[in-house]
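Notes follow the structure.
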Amino acid sequence: MAETVLSSGEKIFILHGIDADFRNDGRRRCEYRSMEIETKLMPQTHGSARLHIGNTDILVGIKVELDIPHADKPNEGKLEFFVDCSATATPAFEGKGGDDLATEISNVLIAAYQTRNAFDLKTLCILPHKKCWKIYVDVLILQCGGNLFDAVGIAVKAALNSTEIPKITAATLDGGEPDIELSDDCIQLDTSNYPIIITLCKIGDNYIVDPTLEEEVCSTSSIVMSVLPNGKISSVVKLGCGSIQFNTFTKMLQMGEIIGLKLNKTLMDVLKEENQFGRQRRIFGFLK
Amino acid sequence: MIEVENIEDQNGLRPDGRRALELRQIRVKMGVFGQADGSAYIEQGNTKILVTVYGPHQPRGSTGRSTSNITKGIVNCQYSMAVFSLSSGERKRKPRGDRKSQERSLQLKHAMEAIIHLEIYPRSQIDIYVEALQVDGSEYCASVNAATLALIDAGIPIKNYAIGCTVTLINNPSLEDEDNALGKGVLDANYVEECTPGVTLSVVALPNNDSTSKDGLIVVAQGAGQRLHLSQFESLKARVLYGCQDIRTILDYAVREYLTEQSLPSLFHVALN
Amino acid sequence: MEVSVGDVVMPGDTVKDITTITKKETIILGPGLRREADTVYAYKAGVLKKTEPAVYYVDSYQKRYVPNRGEHVVGIVTQKGGDIFKVDIGASEQASLSYLAFEGATKKNRPDIQVGDLVFAKLLVASKDMEPELVCVDSHGKEKKLGILSSEGMLFSCSLSLIRKILNHNSPLFNMLAHSQAFEVAAGMNGRVWVKARTIQETIAIATAILAAEYAPLSGIKKLCSDIEKTLLLTQSGNVD
Amino acid sequence: MPVDQRRINGPEVSVPYHIYSDFNKKSDKVKHDFSKRSDKRIDSEIRKIFLKTGIVSQAKGSAYIEMGNTKVVCSVFDPRELSNKNGYCMQGEIYCEFKFAPFSCQKRKIHQQNAEEKQYSLILQRALEPAVCLHEFPNFQVDVYVMVLDNAGSSLAAAIMAASTALANAGVPMFGLVTASTIGIYGNHYLMDPTDTEEAICNTQPDNEDDFNHGIITLASLPQHNQISEVFLIGSIDTNTIKQATEILTAANKDICPVLQQCLVKTIMKLHNEKK
Amino acid sequence: MKEVLLTNCEKNFVNKSVEQGTRLDGRSLLEARNVKIYFASNWGSCMVLLGQTRVVAQVTCDIQQPKTSRPNEGMLHINVELNPMAAQHFDSGRQSEISILISRQLEKCYQDSKCIDLESLCIIADKKVWNLRVDINVINHDGNLIDCASIATLAALSHFHRPDVTSNGEDIIVHPFSEKDPLPLTLYHYPVCVSFITFESGSTVMDPTYLEERVGVAQLTLGINSYRELCSLHFNYLTKTMTVEDVISAVSSYATNYAVQLVQQIKEAVNYDVEARYKKDDRNTNRFKECIMTKKLTTMNSECISIKLRKWSEIENIESDVDMEKKKEETENCTIIKPGIGSAELIPNTNISFGEGGPNTWNMSESSEEEISDIEITTVIKKEENKTIENIELNGDSEEENIEILETKDLMQ
């Protein structure tokens with residue numbers, strides 16, 4: 001991934017293709033590659049999802065633990081994102097090599113889920129000051145084929161959608177010590193307003209979605225925004241070393257919102273469809 | 001800790017219904033990833049391992065400089081466990097860098113150095129990256145198997161399959177009966193069995209093609225757990241080599257199937273001509 | 001502390017005798033001695049020696065080699081590249097040895113040397129500011145005894161003082177050993193010795209003798225050699241049994 | 001998160017005491033009086049800026065900025081050669097390190113960068129990169145260190161401006177100056193240059209109001225070229241509001257630019273006079 | 001600092017000699033080096049010498065909260081430190097591969113095999129337990145660090161005494177040694193590591209030296225206790241692309257016999273020292289000061305010589321019988337010099353030991369001192385039949401113009 005080096009000829013070819021609204025793989029500017037999503041594929045986690053788009057491969061595992069709330073936010077639970085860039089993606093990620101990228105991705109995730117409009121941490125609280133749920137969202141990047149942010153965003157949302165938290169039947173304070181009873185039933189998270197992340201990549205005078213690795217190399221700046229299903233934007237950040245005109249910026253923002261809403265709807269439909277297969281559904285994992 | 005009573009029932013079957021010398025279901029996929037030079041995915045029961053191979057390429061960074069030997073290639077391994085991989089419920093803090101992972105990386109490296117024809121690749125490096133997605137016992141051995149497959153997928157010349165297998169001797173005070181099959185060690189233990197008080201012997205061997213001759217060379221062997229009287233060691237070793245033979249047969253079949261699939265188009269081409 | 005010739009000196013000791021010597025002689029201060037104003041100080045621990053007419057030095061026990069021009073050393077080839085070999089001679093820096101510095105070597109006809117081989121070479125350049133340079137020929141382009149050492153032999157290291165001791169003309173060690181054994185030896189001034197004899201036992205025996213000579217007085221060398229011989233006989237007879 | 005093991009950091013879990021003392025007042029915060037800001041500014045007014053260069057004598061270029069109570073120091077050092085990781089690099093690099101001083105915020109910060117500070121470092125780097133002629137110093141790296149001495153809101157914007165002034169002061173070739181400003185959005189209120197309390201309010205969403213805009217936007221731009229060099233938005237805002245807010249911010253950035261220019265001119269004049 | 005390259009010459013020689021059943025230091029293939037154990041003045045600290053390999057171990061303890069998974073057990077940590085003191089290629093700071101392998105094997109051998117009664121280290125369940133920490137420092141590396149470290153660990157653990165503790169449920173009182181006698185640890189069994197190296201030819205040696213470790217192909221380490229039980233097993237290829245038959249079965253019985261002996265020796269050494277401490281008897285103990293005491297400096301001191309034949313020591317014994325007087329003479333030649341108060345050094349009389357040192361090799365007035373390095377190659381051809389020996393060939397290639405020749409006679413006073 002870090003090894004993608006393009007000659008100026010290749011770059012110009014890609015640029016012209018995008019100008020003509022016909023990209024190297026035949027897509028239009030605002031078209032996504034086809035994605036494959038599978039959820040609940042790891043029994044040892046509370047929720048999991050695997051996303052495969054182009055050459056990008058993301059695995060998300062969610063684990064839920066009981067914890068004590070932060071003292072300054074006594075009635076909120078905790079949500080923690082951890083991104084691990086596995087060396088299987090590229091030898092450059094060996095050891096601590098992927099840490100920079102991982103921090104960047106987890107920062108975007110944190111920003112996207114920060115507003116209460118998207119994720120209400122209060123629902124994770126069990127007993128104020130004493131007990132709350134802590135949700136670990138662990139993202140494992142197995143292969144990088146461009147457009148990591150979008151892929152991670154979708155995979156995280158799908159995994160959270162599949163997450164089942166044990167239901168709490170009784171939570172009492174017993175002499176200052178919290179006492180909690182769990183049942184076998186599970187409750188699901190309210191994913192109705194979880195954001196997804198859209199990257200708009202500016203190449204030449206145009207902007208595209210879902211760039212491949214080669215297209216990412218051609219771009220000097222891109223905008224990563226997280227769109228909530230109700231049309232709000234929960235985070236925007238510009239990446240890359242280039243700058244953007246004000247007008248282009250607003251146009252990109254509007255485009256991102258439209259795409260985000262569409263993508264979100266499609267994703268939710270697909271997840272619902274998958275859910276209808278029920279528990280007997282065959283799990284493919286990596287064997288497909 | 002799991003109750004010892006649960007470990008086996010009266011019929012001499014293990015908790016997951018296997019016999020002593022029975023392996024878990026092994027499922028294999030080679031060439032999972034497009035970008036890597038070679039990759040393989042293996043499932044041994046619930047243990048799921050993903051391995052990618054990059055190289056041979058120019059040595060990079062500290063590994064290239066520190067090794068003074070330039071007549072042979074360098075093997076670089078990294079063993080990493082996904083933070084959510086543990087079956088026991090808790091979450092791992094760091095995916096890699098702890099002593100256990102580093103030891104695994106080293107042992108994997110040594111095992112792979114033993115099978116790769118490194119003398120063909122002087123001044124170059126081969127990277128092997130292991131990612132354990134789910135861990136349910138015998139994960140080191142499964143990763144050796146997966147690494148072998150990934151090397152085959154990458155087209156790197158190897159001498160033989162390196163096959164890993166574990167044998168676990170469950171120390172059970174209630175089990176006085178020497179003849180009991182389980183009393184002599186069970187193959188390919190899962191996490192529950194590994195946690196019982198007993199000894200687990202992990203062996204990486206290069207099994208021979210024909211099982212009639214020698215059992216094969218042992219490349220890496222390590223024991224973990226409690227004590228084992230030396231008199232029992234030989235029988236354990238025999239068992240584990242038997243297990244290696246079995247796994248080899250399975251992997252060999254998988255490789256053949258994969259390669260046939262890969263070469264089908266060209267076979268058609270030949271047929272057409 | 002003031003010391004005089006023959007004494008054990010410590011760093012910082014002042015050497016008394018030198019200052020009192022008449023002026024017309026040229027005094028040469030060897031290794032381990034340093035002059036500051038009118039006083040001569042020792043800066044190594046060892047025995048203060050003097051050779052006539054007025055050469056003073058400290059004979060010290062040392063393991064690390066500091067290259068000196070013209071000395072013969074045993075080096076390990078660590079790298080091949082361009083038109084030079086890099087050779088480890090145990091000094092602070094690797095020495096360089098040209099492909100052409102061998103007898104009969106030309107641009108086309110290069111010596112067959114692998115990484116890890118041993119060479120017996122002479123230091124052509126040894127200066128504290130420059131990389132040491134080795135040659136395996138003398139000024140007439142002849143190899144003499146220099147060149148690559150066969151990998152049949154055995155290499156071991158010892159202290160620099162031992163090397164000086166065994167290479168001394170007066171040292172009877174090799175003469176005595178040669179009475180009973182046939183062997184080849186290359187002793188580099190850098191504390192590396194290469195030995196080759198007919199059998200492994202003999203090679204080890206020679207090596208033992210060399211190492212044991214470190215603490216043997218001149219008179220003891222003879223006994224040492226006979227001991228070696230006896231041991232060798234014992235070992236060989238033991239092998240026969 | 002990296003933990004400094006060589007220094008004694010005090011107990012691992014400690015809690016600032018004021019979260020307990022404030023407990024009763026918290027309800028007041030929600031009823032924040034938006035008609036009047038605490039420092040008597042109107043909503044669209046920014047705080048006064050004090051900017052000075054050359055305050056770190058060891059650095060090649062340095063700047064100190066005050067925006068109300070927010071105080072930031074920045075120093076820029078000589079370009080140094082990149083450690084050869086991936087061969088020769090055709091473009092130069094800017095390395096930014098953003099750090100809150102341990103005493104700068106309500107809660108004490110540890111000496112090592114935390115995730116937030118790392119993120120701010122990256123934002124700072126991306127905000128400056130479009131303005132610097134990176135091709136002028138291939139394979140070299142310019143280090144920019146920013147230290148927030150007092151955080152009273154909008155410290156990221158202050159840091160970006162300080163860094164841009166310091167770069168110019170250091171004589172690093174640049175296409176233009178970078179200015180930045182922050183806006184806090186809370187419902188219909190657009191609070192320019194918010195203080196830290198205002199930032200905290202804008203970051204939270206009031207209960208039982210789902211369709212409510214709130215959030216903070218920091219925008220860095222090159223006013224001389226009409227380019228946006230970095231946007232950082234956090235909260236929940238619809239696109240129209242973002243558009244309006246960015247318009248306000250770009251205008252503000254344009255207004256601020258002369259301050260930076262004047263400061264640099266003053267520095268040069270002073271140097272010139274001294275030489276005479 | 002890089003390790004000096006292993007020469008082809010050393011490789012060939014070691015391989016060949018091992019094939020013939022000879023080792024450079026005169027041992028037989030399955031023979032270990034001598035083990036010496038010295039204790040420091042406090043509990044649980046010892047220095048172990050295995051040949052020239054030297055390791056210091058120190059056990060310390062403190063009180064900590066136990067792990068939630070094992071609330072009523074104490075903890076044991078083993079930490080191995082390899083610093084550049086032991087060998088120049090050891091990196092300080094970063095954990096090297098070898099130190100990971102050693103610590104993991106010791107962990108398996110002592111932690112996983114439950115050799116220490118950890119439950120007795122619990123003070124208040126779930127709240128406070130003793131945390132033992134074994135720190136191992138390698139002082140000198142001459143091969144087989146793992147065995148040496150394991151001997152040191154075992155000796156230190158069985159020597160260690162922790163302070164006594166009384167608790168009344170809530171508070172605990174740690175008694176200083178002056179109030180209550182310290183308590184030893186309870187060891188269920190005594191495991192030690194025994195290592196082997198297998199060579200290309202398939203022959204295996206026990207207790208390898210550093211050189212042998214570098215030449216060997218595969219390494220086997222068995223952790224064995226005195227009940228002939230296997231506590232850890234580690235068979236691994238060293239960085240070579242060669243395969244050899246494994247030797248676990250072949251050497252395991254040797255290993256157990258040796259382990260039983262070794263454990264016995266360690267136990268004796270520990271008991272001796274512990275008892276001496278109880279009696280407050282400081283004579284005849286093996287303390288650190290004993291290990292640095294200089295012994296006789298003689299030609300025949302076989303310990304100083306790293307290369308020797310198997311029968312070398314036997315000869316030495318014969319010699320000492322015959323030449324008792326001579327030996328005595330040698331010791332008489334030593335004088336004790338007192339450089340200051342409180343220290344004494346046994347210095348051999350310089351006339352004998354240092355007098356023969358050759359001249360130094362510094363440049364004299366731009367000329368070289370050829371003659372001392374003249375006889376580098378001494379080719380002696382011994383003819384089998386008539387035993388005539390040709391003269392040693394001295395090749396004084398003095399191509400330099402201005403040579404100032406020093407008479408070697410002069411150098412010898």
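Chains as they are written, first to last, in full-length UniProt numbering: chain A, 1 to 288; chain B, 1 to 273; chain C, 1 to 241; chain D, 1 to 276; chain E, 1 to 413.
Here a beta-carbon is modelled for each residue, glycine too, at the ideal position from N, C-alpha and C.
Below-8 Å beta-carbon distance, Gly235/D vs any chain A residue: Taking 8 Å as the CB threshold, Gly235/D lines the interface with chain A.
Any chain A beta carbon closer than 8 Å to Thr267/D: Using beta-carbon distances, Thr267/D does not count as an interface residue toward chain A, since no partner is under 8 Å.
Asp62/E versus Thr53/E, Leu76/E, Asn140/E, Val56/E, residue with shortest Cα-Cα distance: Leu76/E
Nearest-angstrom Cα separation, counted from Lys72/B out to Gln44/B: 33 Å
Runs of beta strand (DSSP E) wholly within the UniProt domain "K Homology" (153–200) of chain C (minimum 3 residues, chain order): Entirely contained in the UniProt domain "K Homology" (153–200) of chain C, the beta strand (DSSP E) runs reaching 3 residues are, in chain order, 154–157, 183–187, 192–197.
Residue from Lys92/B, Glu234/B, Pro59/B whose Cα sits closest to the Cα of Arg123/B: Pro59/B
Own chain, CB closer than 8 Å to Glu2/C, minus 5 neighbours either side, in chain order: Asp13, Thr14, Val15, Lys16
Residue span of the alpha helix (DSSP H) that contains His110/B, given as start and end: 99–115
Which residues DSSP lists as bridging Leu127/A, in chain order: Lys131/A
Chain-ordered chain G contacts of Ala49/A [CB-CB under 9 Å]: Absent from the structure: chain G. Protein chains present are A, B, C, D and E.
Cross-chain neighbours of Lys63/A in chain B, by beta carbon under 7 Å: Phe84, Arg91
Chain C contacts made by the region 28–44 of chain E, where a contact means CB separation under 7 Å: none
Euclidean distance between Cα positions of Glu113/B and Val244/E: 13 Å
Beta-carbon proximity of Ile124/E to Ser167/E, cut-off 8 Å: yes
Contact the region 224–236 of chain C vs the region 94–112 of chain C: 3+ CB pairs below 8 Å: The region 224–236 of chain C makes no contact with the region 94–112 of chain C; the number of CB pairs closer than 8 Å stays below 3.
Any chain A beta carbon closer than 8 Å to Gln112/D: So, not an interface residue.
Under 7 Å from the C-beta of Ser17/E: neighbouring residues of chain C: Ile200
The region 54–65 of chain A contacting the region 238–249 of chain A, beta-carbon criterion three pairs below 8 Å: no
Member of Leu41/A, Ile105/A, Lys265/A whose CA lies at the smallest distance from the CA of Asn230/A: The residue among Leu41/A, Ile105/A, Lys265/A with its C-alpha nearest the C-alpha of Asn230/A is Lys265/A.
Spatial neighbours of Ser226/A in its chain, beta-carbon cut-off 6 Å, leaving aside the 5 residues before and after: If you ignore the 5 residues before and after Ser226/A, its C-beta comes within less than 6 Å of the C-beta of Ala112, Pro195, Ile197, Ser234, Ser235, all in its own chain and listed in chain order.
Residue-level contact to chain E via CB, Glu152/C, 8 Å cutoff: yes
Three CB pairs or more closer than 8 Å across the region 10–30 of chain B and the region 91–111 of chain B: Under the Cβ criterion (8 Å, minimum of three pairs), the region 10–30 of chain B does not count as touching the region 91–111 of chain B.
Residues near Asp142/E in its chain [Cβ-Cβ closer than 7 Å; skip 5 each side]: Taken in chain order, the residues that qualify are Gly51, Gln52, Thr53, Thr209, Tyr210.
Ala254/B burial status per 10 Å Cβ neighbour count (16 or more: buried): buried
From Thr56/A, Leu189/A, Thr90/A, Met35/A, residue whose alpha carbon lies closest to that of Val53/B: Thr90/A
Burial state of Asp207/D (16 or more Cβ within 10 Å): exposed
Other residues of its chain near Phe196/E: CB distance less than 6 Å, five sequence neighbours each side excluded: Thr204, Met206, Leu220, Val251
Neighbour-count burial assignment, Asp210/A, 16 or more Cβ in a 10 Å radius: Asp210/A sits buried, since 16 or more C-beta atoms from the chains shown fall within 10 Å of its C-beta.
Buried or exposed (CB count within 10 angstroms, at least 16 for buried), Thr106/C: exposed
Beta-carbon spacing of Val270/E, His159/E below 8 Å: Yes. Within cutoff.
Contact set between the region 43–77 of chain E and chain B, restricted to residues whose Cβ is under 8 Å from the partner: Shown here is that no member of the region 43–77 of chain E has a Cβ falling below 8 Å from a Cβ of chain B.
Burial state of His46/A, where buried means 16 or more other Cβ atoms lie within 10 Å: buried
Sequence-distant residues of the same chain with beta carbon closer than 7 Å to Gly74/E, five excluded per side: Leu118, Leu121, Cys122, Val129, Trp130, Asn131, Leu132
Test item: CB-CB of Met161/D and Thr179/D under 8 Å: yes
Nearest residue (CA-CA) to Val174/E, options Pro163/E, Lys36/E, Asn225/E: For Val174/E, the nearest C-alpha among the options comes from Pro163/E.
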